[in-house]
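Novice: Residue numbers (UniProt numbering), protein chains in the order written: chain A, 1 to 406; chain B, 1 to 505.
Just so you know, even glycine gets a beta-carbon here, dropped at the ideal spot from N, CA and C.
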Amino acid sequence: MEGEPSPRSGACFHQGSFPRAVNVDLQTDATLQVDISDALSERDKVKFTVHTKSTLPNFKQNEFSVVRQHEEFIWLHDSFVENEEYAGYIIPPAPPRPDFDASREKLQKLGEGEGSMTKEEFTKMKQELEAEYLAIFKKTVAMHEVFLCRVAAHPVLRKDMNFHVFLEYNQDLSVRGKNKREKMEDFFKNVVKSADGVLVAGVKDVDDFFEHEKTFLLEYHNRVKDASSKSDRMIRSHKSAADDINRIASTLYTLGTQDSTDVCKFFLKVSELFEKTRKIEARVAADEDLKLADLLKYYLRESQAAKDLLYRRGRALVDYENANKALDKARAKNKDVLQAETSQQVCCQKFEKISESAKQELIDFKTRRVAAFRKNLVELAELELKHAKGNLQLLQSCVGVLKGDT
Amino acid sequence: MAAEMEPPPLGDAGQTDFREIEDGEGFFVSTVTILESPEPSSPDPPSMPAEGISTNGPKQEDISLDDDPEDLFAEATEEVSLDSPEREPILSDGPSPAITPVTPTAMLTPRMGLGTAEMFERSLDELEEDESGDTFDMHIAVSDPEKVGTFNTTSMTIFSKNETTVRRRFSDFLGLHSKLASRYLHIGYIVPPAPEKSIVGMTKVKVGKEDLSSAEFVEKRRSALERYLMRTVKHPILLKDPDVMMFLESSELPRAVSTQALSGAGILRMVNKAADAVNKMTIKMNESDAWFEEKHQQFENLDLQLRKLHASVECLVCHRKELSVNTASFAKSAAMLGNSEDHTALSRALSQLAEVEEKIDQLHQDQAYADFYLFSELLGDYVRLITAVKGVFDHRMKTWSKWQDTQLLLQKKREAESKLQFANKPDKLQQAQDEIKELEGKVQQGEKDFELISKTIRKEVSRFEKERVKDFKVVIIKYLESLVQTQQQVQHIWVWIPIGSVVGE
Numbered sequence: 001m002e003g004e005p006s007p008r009s010g011a012c013f014h015q016g017s018f019p020r021a022v023n024v025d026l027q028t029d030a031t032l033q034v035d036i037s038d039a040l041s042e043r044d045k046v047k048f049t050v051h052t053k054s055t056l057p058n059f060k061q062n063e064f065s066v067v068r069q070h071e072e073f074i075w076l077h078d079s080f081v082e083n084e085e086y087a088g089y090i091i092p093p094a095p096p097r098p099d100f101d102a103s104r105e106k107l108q109k110l111g112e113g114e115g116s117m118t119k120e121e122f123t124k125m126k127q128e129l130e131a132e133y134l135a136i137f138k139k140t141v142a143m144h145e146v147f148l149c150r151v152a153a154h155p156v157l158r159k160d161m162n163f164h165v166f167l168e169y170n171q172d173l174s175v176r177g178k179n180k181r182e183k184m185e186d187f188f189k190n191v192v193k194s195a196d197g198v199l200v201a202g203v204k205d206v207d208d209f210f211e212h213e214k215t216f217l218l219e220y221h222n223r224v225k226d227a228s229s230k231s232d233r234m235i236r237s238h239k240s241a242a243d244d245i246n247r248i249a250s251t252l253y254t255l256g257t258q259d260s261t262d263v264c265k266f267f268l269k270v271s272e273l274f275e276k277t278r279k280i281e282a283r284v285a286a287d288e289d290l291k292l293a294d295l296l297k298y299y300l301r302e303s304q305a306a307k308d309l310l311y312r313r314g315r316a317l318v319d320y321e322n323a324n325k326a327l328d329k330a331r332a333k334n335k336d337v338l339q340a341e342t343s344q345q346v347c348c349q350k351f352e353k354i355s356e357s358a359k360q361e362l363i364d365f366k367t368r369r370v371a372a373f374r375k376n377l378v379e380l381a382e383l384e385l386k387h388a389k390g391n392l393q394l395l396q397s398c399v400g401v402l403k404g405d406t
Numbered sequence: 001m002a003a004e005m006e007p008p009p010l011g012d013a014g015q016t017d018f019r020e021i022e023d024g025e026g027f028f029v030s031t032v033t034i035l036e037s038p039e040p041s042s043p044d045p046p047s048m049p050a051e052g053i054s055t056n057g058p059k060q061e062d063i064s065l066d067d068d069p070e071d072l073f074a075e076a077t078e079e080v081s082l083d084s085p086e087r088e089p090i091l092s093d094g095p096s097p098a099i100t101p102v103t104p105t106a107m108l109t110p111r112m113g114l115g116t117a118e119m120f121e122r123s124l125d126e127l128e129e130d131e132s133g134d135t136f137d138m139h140i141a142v143s144d145p146e147k148v149g150t151f152n153t154t155s156m157t158i159f160s161k162n163e164t165t166v167r168r169r170f171s172d173f174l175g176l177h178s179k180l181a182s183r184y185l186h187i188g189y190i191v192p193p194a195p196e197k198s199i200v201g202m203t204k205v206k207v208g209k210e211d212l213s214s215a216e217f218v219e220k221r222r223s224a225l226e227r228y229l230m231r232t233v234k235h236p237i238l239l240k241d242p243d244v245m246m247f248l249e250s251s252e253l254p255r256a257v258s259t260q261a262l263s264g265a266g267i268l269r270m271v272n273k274a275a276d277a278v279n280k281m282t283i284k285m286n287e288s289d290a291w292f293e294e295k296h297q298q299f300e301n302l303d304l305q306l307r308k309l310h311a312s313v314e315c316l317v318c319h320r321k322e323l324s325v326n327t328a329s330f331a332k333s334a335a336m337l338g339n340s341e342d343h344t345a346l347s348r349a350l351s352q353l354a355e356v357e358e359k360i361d362q363l364h365q366d367q368a369y370a371d372f373y374l375f376s377e378l379l380g381d382y383v384r385l386i387t388a389v390k391g392v393f394d395h396r397m398k399t400w401s402k403w404q405d406t407q408l409l410l411q412k413k414r415e416a417e418s419k420l421q422f423a424n425k426p427d428k429l430q431q432a433q434d435e436i437k438e439l440e441g442k443v444q445q446g447e448k449d450f451e452l453i454s455k456t457i458r459k460e461v462s463r464f465e466k467e468r469v470k471d472f473k474v475v476i477i478k479y480l481e482s483l484v485q486t487q488q489q490v491q492h493i494w495v496w497i498p499i500g501s502v503v504g505e
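#1: Determine the direct distance from the alpha carbon of B/Val218 to that of B/Thr16, and round the result to whole angstroms.
#2: At a Cβ threshold of 8 Å, is residue 460 of chain A touching chain B?
#3: Does DSSP classify B/Thr456 as helix, strand or coil?
#4: Taking 8 Å as the CB-CB limit, is A/Asn391 close to chain B?
#5: Kindly indicate which three-state DSSP category A/Leu40 falls into: helix, strand or coil?
#6: Excluding the 5 residues flanking B/Glu447 on each side, which residues of the same chain have their C-beta closer than 7 Å to its C-beta?
#7: Closer than 7 Å: is that where the CB of A/Tyr169 sits relative to any heavy atom of the ligand PLP?
#8: Quick one: is A/Ala94 near chain B, going by C-beta distance under 8 Å?
#9: Among the candidates A/Ala372, A/Ala316 and A/Glu361, whose CA atom is the shortest distance from the CA of A/Val346?
#10: Contact defined as beta carbons within less than 8 Å: I believe A/Pro98 pairs with A/Thr140. What is the distance between those atoms, to the nearest angstrom?
#11: First and last residue of the beta strand (DSSP E) that includes A/Phe64?
#12: B/Ser333 by DSSP, collapsed to three states: which one?
#13: Can A/Ala388 and B/Val490 be called in contact, C-beta distance under 8 Å?
#14: For the segment 222-235 of chain A, enumerate the residues whose C-beta is nearer than 7 Å to any C-beta of chain B, in chain order.
#15: How far does the alpha helix (DSSP H) with B/Phe173 in it extend, from its first residue to its last?
#16: Might you give, ordered along the chain, the residues of its own chain that have their beta carbon closer than 7 Å to the beta carbon of A/Arg369, omitting 5 neighbours on each side?
#17: B/Pro242: buried (16+ other C-beta within 10 angstroms of its C-beta) or exposed?
#18: Compare the Cα-Cα distances from B/Asn301 to each of A/Gln304, A/Asp259 and A/Glu145 and report the closest residue.
#19: Name, in chain order, the residues that DSSP records as bridge partners for A/Val156.
#20: Roughly how many angstroms lie between the CA atoms of A/Tyr133 and A/Asp35, to the nearest whole one?
#21: Taking the C-alpha atoms as reference points, what is the distance between A/Glu114 and A/Ser250?
#22: Determine the extent of the alpha helix (DSSP H) in which B/His343 is found, giving its start and end residues.
#23: Could you check whether the Cβ of B/Asn326 sits closer than 8 Å to any Cβ belonging to chain A?
#24: Just to confirm the assignment, what range does the beta strand (DSSP E) spanning A/Lys53 have?
#25: Determine the direct distance from the alpha carbon of B/Leu378 to that of B/Ile215, and round the result to whole angstroms.
#26: So B/Asp342 contacts chain A; which residues on that side make the cut at Cβ distance below 7 Å?
#27: Under 7 Å Cβ-Cβ, which residues of chain A neighbour B/Asn301?
#28: Any idea if A/Gln127 is buried or exposed, counting beta-carbon neighbours within 10 angstroms, 16 or more meaning buried?
#29: Under 8 Å, Cβ to Cβ, is there at least one residue of chain B near A/Ser271?
#30: Answer with yes or no whether the minimum CB distance from B/Trp494 to chain A is below 8 Å.
#31: Just to make sure I have the definition right: I need the residues of chain B whose C-beta is within less than 7 Å of the C-beta of A/Ser240. Which are they?
#32: Taking Cβ-Cβ distances shorter than 9 Å, what residues in chain B pair up with A/Tyr220?
#33: Considering only residues of the same chain and omitting the five flanking positions on each side of A/Thr277, which have a CB-CB separation below 8 Å?
#34: For A/Val284, is the classification buried or exposed, using 16 other Cβ atoms within 10 angstroms of its Cβ as the cut-off for buried?
#35: Between which residues of its own chain and A/Leu173 is the CB-CB distance below 8 Å, once the five residues before and five after are set aside?
Next comes the structure, spelled out in structure tokens:
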């Protein structure tokens with residue numbers, strides 16, 4: 001009715017105005033723009049300020065902000081998943097819970113060990129840990145934002161009532177986290193679902209497209225999972241190595257100040273050099289994390305969402321086929337035929353509706369995926385080159401100075 | 001392991017021809033190649049240097065020699081063998097530089113398990129610092145064990161022959177060190193410590209474990225022995241020691257049996273060390289010479305910091321190795337992902353990413369080796385050297401203490417003698433006077449000893465510091481250059497993306 005959202009063109013995604021949304025290329029649209037303009041980290045929760053700009057008439061104002069917490073995002077996501085109407089869409093994956101535990105633990109340990117290190121070492125490590133905390137913080141903001149943007153970009157989901165409430169209602173949504181019992185229920189539901197999923201997946205699909213997608217997604221999902229965990233490990237080692245260089249730099253500095261011979265100049269210079277190269281190494285690790293690890297993690301979640309879609313369709317197919325069988329039986333017995341007919345109609349419609357939108361969704365998924373990988377891999381390579389060059393310059397100039405001295 | 005060293009290739013790294021060795025030690029006989037070239041001006045003692053190093057395989061391209069690149073060992077590819085006839089071809093090749101840059105520590109041995117002989121060359125400048133005024137280059141190369149249990153030692157001296165190769169076991173090295181230590185440490189000479197025994201490592205090798213870690217162990221040991229010998233022969237006094245000469249030249253050495261870790265002699269040594277430590281604590285010396293006080297403190301500080309640095313560098317080596325392993329496994333995973341990706345261009349891009357990461361992993365591994373062999377081992381050596389230095393300072397204290405004790409004794413005897421003078425016991429008096437004469441002599445000797453050791457230590461410390469400065473400077477530059485190389489490689493590797501066209505659409 002109102003200015004309908006622009007056509008969903010699978011191919012012409014362009015860089016959104018969200019520099020932080022690196023894992024998905026999203027079409028931005030004047031009718032509805034969402035971003036997280038601010039975030040605050042309190043003791044054990046993070047408060048996100050969700051800022052909306054919209055020309056849609058459903059909203060009371062054109063621009064407004066609300067404060068939301070992680071649980072409210074999850075509530076929104078779950079409401080999509082549970083909504084039968086959306087069975088035919090890939091539901092954008094929920095953002096992961098903000099996890100500052102590891103970082104907080106490290107800061108605490110640092111505080112405890114304050115007495116055992118020199119003042120410089122302490123300040124240095126503190127700065128690093130704070131930087132790490134900040135990085136994690138930025139990441140979690142980005143992931144929550146991406147979720148909202150995906151929803152806002154989806155032609156159907158963006159019209160969802162819950163979504164609008166989420167964006168506009170400036171009181172607490174009173175969405176509590178799930179209590180233990182509910183979590184147990186969820187757990188069992190998942191078990192049942194996976195079992196069912198296996199059954200459903202076993203049913204061979206007449207449609208080649210979907211059959212292919214099923215096999216593809218299964219394998220792809222597993223491999224992305226593997227790649228994601230391996231990339232995490234690799235990046236962690238990289239960070240440890242950078243930390244070692246930091247310590248080496250400090251000790252060299254002490255050696256340099258203590259030494260009375262010629263070589264003290266060497267120590268001091270190299271210490272200075274290592275301080276700088278360490279920063280670069282740490283940035284390399286951080287960039288790899290952002291461009292590679294995060295990308296893989298995100299597509300791990302998205303491929304799961306796509307699998308879920310296929311499952312729902314498979315389920316609908318099975319229901320449809322069962323309804324057909326039931327109808328035949330009813331016709332044969334000539335009993336409850338009308339009921340069977342309506343039920344069969346319903347199943348048929350549901351199945352066809354899902355199939356139609358699912359096909360488009362999966363195609364879009366592929367396009368998004370290819371674009372995101374391309375963008376990130378290219379950026380990764382560019383950053384690696386940039387850092388290598390930086391490192392090289394520092395090293396070469398230091399070698400030059402030292403050689404000149406001998 | 002030593003496959004490439006010998007003219008008759010003895011097969012490859014899987015050499016398991018272990019000799020049964022009773023003393024449990026000396027698994028490695030090291031080949032020590034010592035090359036000496038006479039003065040720069042001398043015409044043509046054949047490019048011995050070039051050859052001695054012939055134990056280098058062609059892969060020794062890593063030897064980065066700062067000066068005169070063309071006349072160096074780098075190109076030597078001939079094998080050093082134990083028989084003299086074969087020395088001839090070796091000796092007649094190549095240029096004959098007398099000047100060779102210094103490579104005090106083992107250069108990168110890129111691939112483990114294929115240790116090749118390293119060359120040590122001393123530059124002419126160093127020669128001039130020789131106190132003895134002799135000017136000769138000494139080259140030592142320790143080549144890999146051809147059979148486990150033996151190293152080949154090749155040395156060239158101007159005294160006897162031009163080049164000698166002998167087989168030495170690890171225990172022989174330890175024996176040499178223990179002889180030198182007992183002879184020179186207590187008079188103030190800083191004797192370089194020998195590489196440490198490692199029961200675990202030894203057992204693994206003996207048992208025939210052919211994995212990477214035992215190959216690494218062999219290489220580590222070989223390189224440590226080489227550095228040890230180089231340091232020993234750089235010391236002008238030690239070089240002249242007959243035991244050193246014998247070690248380098250004679251074909252048979254009496255077995256050094258008292259070097260076993262768990263032998264009776266070993267235990268005795270440990271007990272002595274403990275006793276020394278206790279004694280040290282009870283000697284309170286009146287330091288009249290501020291220089292010693294200051295130096296002692298300096299070495300304490302240096303010791304502390306070097307140990308810390310060494311620990312950090314070892315950590316770094318460990319993490320880099322871990323990084324290399326993790327990168328390799330990520331590469332495989334990325335390749336698999338590329339395989340499942342059904343968009344062809346993206347699939348290709350992912351495969352290329354996998355290749356890139358594989359190369360990077362190899363790079364990390366190489367860098368870890370450089371970290372280790374250049375940096376970490378040097379630090380370890382110096383930590384041990386400083387222990388030797390501290391030992392020498394302690395000996396000085398002991399000497400002083402002995403002198404003081406003798407003086408005290410003399411004093412007491414003098415008092416006793418004066419008492420006897422009044423007691424009118426002529427024979428006892430005579431005895432006392434004789435003792436006093438003897439003690440006076442001893443006191444004088446004690447004083448002389450103390451002065452001598454102080455003087456020696458001053459010289460030694462100054463020589464040590466010069467060496468230290470040089471060693472560190474050279475190694476630091478080498479290490480940085482290795483880092484430079486790594487970064488250059490990184491750049492080459494990451495330039496795989498013709499931006500945009502790979503994942504084209």
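Specialist: Let me lay it out:
#1: Residue placement at B/Thr16 is poorly supported in this model, since its pLDDT is 35, which falls under 50; the coordinates are not used for a value here.
#2: In this structure chain A extends from 1 to 406, so residue 460 of chain A is not present and cannot be described.
#3: Looking at B/Thr456 - three-state DSSP - the assignment turns out to be helix.
#4: Under the 8 Å criterion on CB atoms, A/Asn391 is classed as interfacial with respect to chain B.
#5: strand
#6: Trp403
#7: Among the components modelled here there is no ligand, and therefore nothing to report on the ligand PLP.
#8: no
#9: A/Ala316
#10: 4 Å
#11: Glu63 to Gln69
#12: Residue state, collapsed to three classes: helix.
#13: yes
#14: Arg223, Val224, Asp226, Ala227, Lys230, Ser231, Arg233 and Met234
#15: Phe170 to Tyr184
#16: Tyr299
#17: Its Cβ having fewer than 16 others within 10 Å, B/Pro242 is exposed.
#18: A/Asp259
#19: None, per the DSSP bridge assignment.
#20: 22 Å
#21: If you draw a straight line from the Cα of A/Glu114 to the Cα of A/Ser250, it is about 16 Å long.
#22: Counting along the chain, B/His343 falls outside any alpha helix (DSSP H), and DSSP gives it neither H nor E.
#23: yes
#24: Val46 to Ser54
#25: Note on residue identity: the sequence assigns Ala, not Ile, to residue 215 of chain B. So the alpha carbons of these two residues sit roughly 20 Å apart.
#26: Phe216
#27: Correct list: Gln258.
#28: The C-beta of A/Gln127 has fewer than 16 other C-beta atoms within 10 Å across all chains shown, which makes the residue exposed.
#29: no
#30: yes
#31: His319
#32: Here the neighbours are Leu337, Ser340, Glu341 and Asp342.
#33: Excluding five sequence positions before and after A/Thr277, the CB atoms of its chain that fall closer than 8 Å to its own CB belong to Ile245, Asn391, Leu394 and Leu395, given in chain order.
#34: Classification for A/Val284: buried.
#35: Arg68, Glu72, Trp75, Val165 and Phe166
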